[in-house]
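Just so you know, we're using numbering that gives the first Met the number 0 here: the sequence shown kicks off at 0 and counts up by one. Just so you know, even glycine gets a beta-carbon here, dropped at the ideal spot from N, CA and C.
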Amino acid sequence: MTGNWGRWGAEDQLGALNLVTPEVTRRAAGLVREGRTVSLAQPLGPASPSPGHRPRPARFMNRDAGDYALGARTPGGFKFAEDTVQFPTHSGTHVDALAHAWSGEHLYNGHPEASTRTTRGAQRCGAEHLAPVVTRGVLVDLVAAAGAPLPPSAPVEVEDLERGIAEAGVTPEPGDAILIRTGWWESHGSVDDYFADEPGITGDAAAWLAAHDVALVGADNYAVERQTAAPGFPAHLVLLHQHGVPLIENLDLAGLAAELAGAGRSTFLLLFAPLPLVGSTASPVTPVAVL
């Protein structure tokens, strides 16, 4: 298998996040000029859109303002509320762990696919191995380049990435997080067809990103890659399976794009800290851009 298999040792489960070295983080810290933060996450709740094969997120109130316990029954005294939330890990803004997608009989780096066939969750490459990182984020704003959100099933090819990154005035560096704004969430986020025929990167574009040693790839759509009537997820296989590059799906990039355009810049410090859900194939995440 080509790609990054064996690059960081036979037992590696961190993948391309290994590329975010202390030096990469120190350089990224130099991008902070104003100290303002921008959340890149979609809201997550019972009203969040969900594809037909997944249940919607749900919330259950375990205790509300009418509940009193353990000596908290005095009038005007202590009150509290608790709740339980339940959702598929691939809901809302989330990151795909390296156990999420593969072909053949092995996950990323040669770990056996049998390690995912257990009620205990993925025994290799689960979300607990997605280390938090701080790195340089690069926004490739295809909406600004096109003057509108991309149409359904529009391919984002290598030349689109090259042009978008050149217009941003940067060169991809090892350890970067490349975030791609297609406009899909902005134009389809509240309707059912958000989960059909999205624009996104092709397999060739994914290979181009991997060849530049990026650590993370994300987009404002539900699968990062282009979806058509043709089956398969070639970009998932290139990035997750062959190169160990986690994918951040369902980003909200409109606010970041406006902030960066107003400041005349395209790079920023990115805070990436997924939940270490043991054995999970994905984790909710709230990426934060610091300007």
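- Comparing C-alpha distances from Glu185 to each of Val84, Ala147 and Leu239 shows the shortest one belongs to Ala147.
- By the neighbour-count criterion, in which a residue is buried when 16 or more other Cβ atoms sit within 10 angstroms of its Cβ, Arg135 is buried.
- DSSP, read as helix, strand or coil, puts Ala281 in strand.
- Counting the other CB atoms within 10 Å of its CB gives Pro131 a total below 16, which places it among the exposed residues.
- Between the stretch 162–178 and the stretch 259–267, the count of Cβ pairs shorter than 8 Å is three or higher; the stretches touch.
- Shortest Cα-Cα distance from Leu18 to any of Glu197, Gly174 and Pro198 involves Gly174.
- In the DSSP assignment, Asp159 falls outside any beta strand (DSSP E) and lies within the alpha helix (DSSP H) extending over Val157 to Glu166.
- Annotation: Val155 to His187 spans about 18 Å, alpha carbon to alpha carbon.
- Inter-residue distance for Asp212 and Val237 is about 13 Å (C-alpha atoms, whole angstroms).
- In terms of Cα proximity to Ala145, the closest of Gly103, Leu160 and Val133 is Leu160.
- It is roughly 24 Å from the alpha-carbon of Gln226 to the alpha-carbon of His105.
- Taking 8 Å as the upper bound for CB-CB distance, Ala28 and Leu178 are not in contact here, some 18 Å apart.
- Here Ala204 has Val155, Glu156, Val157 and Leu160 as same chain residues with Cβ atoms under 6 Å from its own Cβ, once five neighbours each way along the sequence are excluded.
- Under DSSP, Gly103 takes part in no beta bridge, so it has no partner.
- Straight across, the Cα-Cα distance linking Thr20 with Ser265 is about 22 Å.
- For Val37, same chain residues with a beta-carbon under 6 Å away, outside a window of 5 residues either side, are Gly254, Leu255, Glu258 and Ala288 in chain order.
- When C-alpha distances from Ala98 are compared across Glu197, Asp11 and Asp219, the shortest belongs to Asp11.
- Residue range Val132 to Asp140 is occupied by the beta strand (DSSP E) that includes Arg135.
- Glu112 is the residue among Asp251, Glu112, Ser49 and Phe86 whose C-alpha sits nearest the C-alpha of His240.
- Taken in chain order, the unbroken stretches of alpha helix (DSSP H) that lie wholly in the stretch 188–217 and span 4 residues or more are 202–210.
- The bridge partners DSSP lists for Asp95 are Leu246 and Ala281.
- In the three-state reduction of the DSSP assignment, Asn61 falls in the strand class.
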